[in-house]
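Reviewing the structure listed below.
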Amino acid sequence: MDSLSRITGYVRIFFTLDNWPTLLAILAALVLLILVGLLVYYRIRKRRHPGTLEIKAGSSAERKALKKEMPASSLTGIWKEFLKAIPWSIRPNIMTYEHFIVFGQAGSGKSTLIDRYTDWQGHARQFYPSFTANPLLQIYLGSKVLVQEIPASLLDDTSEAARRALLKLWKPLFRRRKPTVVIALNAMELSPDEPGHLESLRQKAQMIRGKINLLGQICKKPIPVRLVLTHLDQFEGFLEFSRFLAQGNIPLKLEWPSAGGDRDRSGSPGTPVEGQRQDPTARTDRYDLSGCLDPCEEHLTRALISLPADQYLRAMTFLCQAPRVFQDLSLFVRSLQEADPLSLEPEITGFYLTSQAEENLPVLNPFAPLLTAEEISKIDPHRRHRLAAAAIGLAGLLFFGAAYFHGRSLIVERQRGLDRVETDPPARYDQRMHELLPAVYADQHPVTKVLPDFFSSRNREITHRSMENIRELYLLPELDRLATEMAAKPQTPTGAVITIHGFEHYYKGSIHAAQDRAVYLLALIYATRDNDLGQLIQQNPTSWSKILNLPRTMIEDYVHNNVSSSDVSLAGKKLSFRQSHGAVDDPNRWMAYFREIRRFCQQPFMSRMEFEKLQKDTEQFLGVIQQMELYDLTVRLAKLLKKEVPPDIHLDMIVIQESELRQEAIKNSLNFIKNSSMNYPETAPGSGLAGLLENLKVMLSYKDPRAERDWTFRFSLGGEDFSLSAGQWKDLINRSRINAFLRDFVNQHQRQDGLLFFPSDQEFDDLIMNPSNDGRFLFIGSARVDGRFTRDAVEKRVRPILSELPALIESLPIDPQGKKHVTNFLLKEVDIYGRRYAQSYRRYYMEFDIKAGSPGALRFVLSQMVLPSSPLREVLVSIQDNIRIDPGTNEYMQIFSRHLSEFDFIKRLMGEQKGTFPELDRYKALMEQMLADIQEQQGQGEKRDKEESHALLKNRLSPLGRIAFAILDQEKDSYVNLVKRWLESVAVPRPWQDIFLAPVWQAYFLGMAEIESDIAKTWEELRQADIQPLQHKFPFLPASGEDVSIEELRNATHPAGHFRRSFQALLLPYCGEEGQRWRKRSSPYNVLKLPETMLPTLNAIEQLGDVLWDRDGKEKFLEFMVRPAPLPLMPPREPLAALSYLYVGDSAVFGFNQKPSWKRIRCSWKDPSSAAVGIEFAGRSRSARIKRTIEVPPSYWSFYRLLQKAKQPAAFDRNRNISTVQWTIMSPAGNGEGVSLDIAFDIKGDPWSVFKLPR
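Residue numbers (our numbering): 1 to 1255.
Given below as structure tokens:
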């Protein structure tokens, strides 16, 4: 921002009213530079295009000249050749002539026309030559006209080269003037009887129109065109006709109407004679020239009188033939003036009839100029040159005037600044004093470098004063201060030597500091730009600035601008120099230093810390040598100053003290060590082992240019010989650099991930499962294997590195321990990469699965799997392609390959033979067979062998159901067992088998769903047919008034009944009996889903059947263990309860007033029987006994009917497994009215439980 502000300030100061001379000078200089630049450009262009080589005339030479591509400057060169022959004095005048351009085909009479109607040959005899030597272009200089004849070869050339050549010729000539085009047409070629004549005529017109369009583009105006018919003397009667017109002073020129104003005018295309009448019936087509001679008919009467009869008849013959010729000419004119939106339409201004034999008639001249000789003489061709010269002179005057005033203003400004400095000098040399110098001021005002210097003496005076100011204000006062300091120091014995023991003592605190600085200051005072002192200071300005503590800018300005030291005066300066020999370091430190270097050269490597310490010591020792060299420079300065300083200043006391450290070999060895470096190439982030390999190659191939020759630095210190071999030192540095590089690399990658082989994670494409979909349709799985874990990555990245890097490590010039460290690192990296590689394909393999939610989806899946390019095959092929890696004999590749051994079964499975995979084809055959079984029609299933296990059940199942039932029933030939036997044959490990069993399990799951649906349907049919009738009848439904029939019981509970037979045939395979109870049969992967009430009902029916039927299927009695309860107590004076009893059929239980016991009763349910419960009473007076009974009429279930008449449902005690049943009986009337008594019996178990069925 400060620089920008400073620049903005300078710009504002510059563009002020006070700097108007400068601005004017700049403007004049710019104008002059532009004019000079244009002139130089013109001259260069002229030299580069001197014109084409002249070609001799002749049609064959002309064609040969245009056969090759025409150079753009070929026509311009001809024009320049023409101008060269024109004298300079008249060259501008001829440019004012009217220009004509003649077009015509070969043989049209162009040259004859020009010869007859221009006087170019007469001008040529007067040293005004034309140029006709080149067939490409012929230029004729006539009286007031300049004619260019365009040859037929150039006219017919439509190439881009011809267009460029014509434009380059015509643009400079016709940019400000408009030429006239003359078209020469051979009248004998207008009306031949040849076919295609009219088309040829139209093409000629188009050729000419193309050239006229170029002129129109240049002039931006319509181009005037004059049509000339030649060779008319070959028409019978034309000469007689033309002679008649000439004798009668009748012009033969036919005026052509303009394209704009005369298009709608009636009449002929021209007005032949002024004042003549126009036929009111004339044609309106401006292109129709057939009647252009009609106005001449009025002169026929005169011709008849004045001409002989034969000449009159010939003239009439011409007039009769002319319309046909002019009619063809109309077609040419129409094509020539055809409307074109991209160009200007040419304007035909005249129509001329000429012959080869007739005399030259001025009235018929097609080259008649429009300007008269008097008008041409008034044109000043030099006017533009005079104006240009005046402008250049004025610009030069302004330039030099502005330069003078600008230089004067700058001189005044600098003198004012110099006066201010001398009046109020700054404490230190600053920018103001620096800017007063001419060179600096010129840099600040660049325009002064291109302006003439009118004030050179004033500039020298300002420079001289500036140098005096530097001396008087800064240098001489500093010299006085140093002289005072030198005089204040105590004297030291002559020849004393001061020993420096540390780098920090250099120059600091030395008693010779003031004396040395005085020598440097005297050298600066007497330095000029040309003497030896000035050259020395200009080479070391920084050293002088540091030693004298003076601004470097001031030192450079003084030496560069001081031209003489003769005016330097040291009058009154008292400088006393003492004897001095410089400083000498302790040689013991140097000897210890070089012994340490010798020890390092014998070590395997040097650590970075040791190298950095050695470099620091080297810098210190080089500082000592630099100190000695500086002192030597002081001695040299003293010798040079002896020629400049007054004789009263004695510099002979400064001498050189000899020392062993001055040996050149010591300095060279220190510089050699100082310039050594242990820096190694930085490994780009992410470059990994590839970067390590490349950097190691670079480091091994690097040749130190300083060690191309095995220099040996030999020297002696303290009587001990030392030598340092550049080759040994280079080898040490190289070993140390490589060792440090390897250790840093290993330390940076301590957390190994196996991916150091790859510099980028985008280099290789990932392996994607189901790349064309989202992996959720049928063949599911969206696993992705990183592209770095592919065979392509191994072959392109891993194998090359493992093939080259271990050998390279073994060849490194490092110690064995370092090699082992790097080798172990590489082995670990390979092992990690191998594990991750195998893990990627294990995950890729395991993620592939099949999910078919319907039989149709399963059929589609199986149909895809039997195809040659099934998804499963693609997965297996992808894995095989990427695990089939030959480790060879490479130890590292063998370590990597061991991790892929778990995929050996894929290699066996995908063993290719003659383009097929036999083992995989066996699996596909199984899938194809399963697909065929699934697609099997139901009718075919009914033909199954009846002796086959569960044939009836299988016939009810769908194909999927039969496949699932075979798996559920663990049949030997089920598809699960078949696939497993195949997997065992190819030794596929158990964890890897699921991918092959997936289609079978999908079929199993779908089939089990159908089986479960069939089970539910079958059970419901059985339940409704055999179980449901029982549930609504007595004793299964106690509230029912209808007893269950024996037949219904037989169908539902008999071992040979309908229910049992149907169950065993259709449902038994799905159930298993454990401990006399039916359970679900275990099934693979899932538990079979049975109807909720099936097993409870089945177990209840089984229990009921065991109660009702024996093993032979015969009816069993219902047996109950019954125990009477104590008899009820009677009120006084009532009969006593003596006996209770319960009987069913032939079985009875009696209760007495004693300890009751259990007794078995048997009920027959196959025959009707009665049942009753009652009490027998005895009177107190031993009268007859009285019975009170609750009876049930005979029935199959009389006992349960009797239980139904109990006071309340039997109370079942689960802990004792006893049901207590109470009946209420009225006692007989005694002295009273009788009482209600409860009689109870205990029954083991729940008599109703056997008839309780789940609903």
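Yeah, the Cβ is synthetic: ideal placement off N, Cα and C, and Gly gets one too.
For residue i, the first and last residue of its enclosing beta strand (DSSP E)
i	result
Pro365	Strictly speaking, residue 365 in this sequence is Asn, with Pro absent from that position. No beta strand (DSSP E) contains Asn365, which DSSP labels as neither H nor E.
Ala1148	Ser1147 to Gly1151
Gln138	Gln138 to Leu141
Gln1258	Past the boundaries of the shown model lies residue 1258; the chain is included only from 1 to 1255, so the question cannot be answered.
Tyr117	Per DSSP, Tyr117 belongs to no beta strand (DSSP E); it is in the alpha helix (DSSP H), Lys110 to Tyr117.
Lys1244	Ser1236 to Lys1244
Phe100	Glu98 to Gly104
Cβ distance (whole Å) where residue i is taken to contact residue j below 8 angstroms
i	j	result
Ile555	Leu524	6 angstroms
Cys601	Trp711	With 8 angstroms as the limit, Cys601 and Trp711 do not qualify as a contact, their Cβ atoms being about 14 angstroms apart.
Ile885	Ser897	6 angstroms
Gly834	His899	4 angstroms
Leu916	Arg1023	Per the sequence shown, residue 916 should be read as Thr rather than Leu. Not quite, the Cβ-Cβ distance comes to about 55 angstroms (not below 8 angstroms), so this is no contact.
Lys828	Gln752	6 angstroms
Gly142	Trp120	5 angstroms
Beta-carbon contacts of residue i that lie in its chain and below 6 angstroms, excluding the five residues immediately before and after
i	result
Ser1083	Leu968
Gln1002	Ile850, Ala852 and Leu858
Ile114	Tyr140 and Val147
Lys924	Val866
Ala57	Any reading at Ala57 needs caution, since the residue's pLDDT is 38, under 50, leaving its predicted position unreliable; the model's value is listed next. So the list reads Pro135, once near-sequence residues are dropped.
Pro179	His99 and Ile101
From the options, residue whose alpha carbon lies closest to that of residue i
i	options	result
Pro1128	Val1144, Ile1175, Glu1119 and Lys1114	Ile1175
Glu902	Arg843, Ser659, Glu912 and Gly915	Arg843
Cys296	Phe318, Pro1254 and Lys819	Phe318
Leu1067	Phe965, Arg990, Gln1002 and Ala1148	Phe965
Asn186	Ile348, Lys642, Thr112 and Lys221	Thr112
Ser1249	Thr132, Gly1057, Pro1038 and Lys1207	Pro1038
Ser716	Met591, Ala838, Leu693 and Ser772	Met591
Pro222	Leu229, Val102, Thr230 and Asn213	Asn213
Ala29	Ala395, Arg428 and Lys1244	Ala395
Ala1256	Gln126, Ser725 and Gln1222	Residue 1256 is absent from the structure shown; the chain starts at 1 and stops at 1255.
Arg414	Pro179, Gln817 and Arg458	Arg458
Gly718	Ser669, Arg743, Pro685 and Leu661	Leu661
Lys1114	Gln138, Thr1053 and Asp1146	Thr1053
Leu696	Gln615, Ala807 and Asn588	Ala807
Thr294	Ile305, Gln311 and Pro323	The sequence shown places Asp at residue 294, rather than the Thr named in the question. The residue with the shortest Cα to Cα distance from Asp294 is Pro323.
Met893	Ser74, Ser878, Arg981 and Arg799	Arg799
Opening and closing residue of the alpha helix (DSSP H) in which residue i lies
i	result
Thr823	Pro816 to Glu847
Glu1074	From DSSP, Glu1074 is part of no alpha helix (DSSP H) but of the beta strand (DSSP E) over Cys1071 to Glu1074.
Cys296	Where Cys296 is concerned, there is no enclosing alpha helix (DSSP H), given that its DSSP letter is neither H nor E.
Asn213	His197 to Cys219
His1058	His1058 to Leu1066
Glu435	Gln431 to Glu435
Own chain partners of residue i with C-beta closer than 7 angstroms, once the 5 adjacent residues on each side are dropped
i	result
Ser1236	Thr1224 and Met1226
Met678	Arg608, Phe611, Ile733, Ser736, Arg737 and Ala740
His445	Leu410
Ala665	Phe713, Arg714 and Phe715
Gly260	With a pLDDT of only 42 at Gly260, under 50, the local geometry of the prediction cannot be trusted, and the value read off the model is given with reservation. The answer is none, since no qualifying residue turns up.
Own chain residues within Cβ distance below 8 angstroms of residue i, not counting five before or after
i	result
Glu810	Lys819
Pro362	Confidence at Pro362 is low in this model, with a pLDDT of 44, below 50, so the placement of that residue is unreliable and no value is reported for it.
| Is the region 402 to 409 touching the region 524 to 542, taking contact as three or more C-beta pairs under 8 angstroms? | no
| request: Decide yes or no for the touch test of the region 759 to 768 against the region 778 to 793: beta carbon pairs closer than 8 angstroms, at least 3 of them. | output: yes
| request: Say whether the region 1163 to 1170 touches the region 1196 to 1209, bearing in mind that this needs 3 or more beta-carbon pairs closer than 8 angstroms, one atom from each stretch. | output: yes
| task | Determine contact between the region 229 to 244 and the region 307 to 323, defined as no fewer than three beta-carbon pairs at a distance below 8 angstroms. | result | yes
| field | Given 8 angstroms, three or more beta-carbon pairs between the region 300 to 311 and the region 328 to 337 | value | no
| message | Does the contact criterion of 3 or more C-beta pairs under 8 angstroms hold for the region 199 to 218 versus the region 143 to 162? | response | yes
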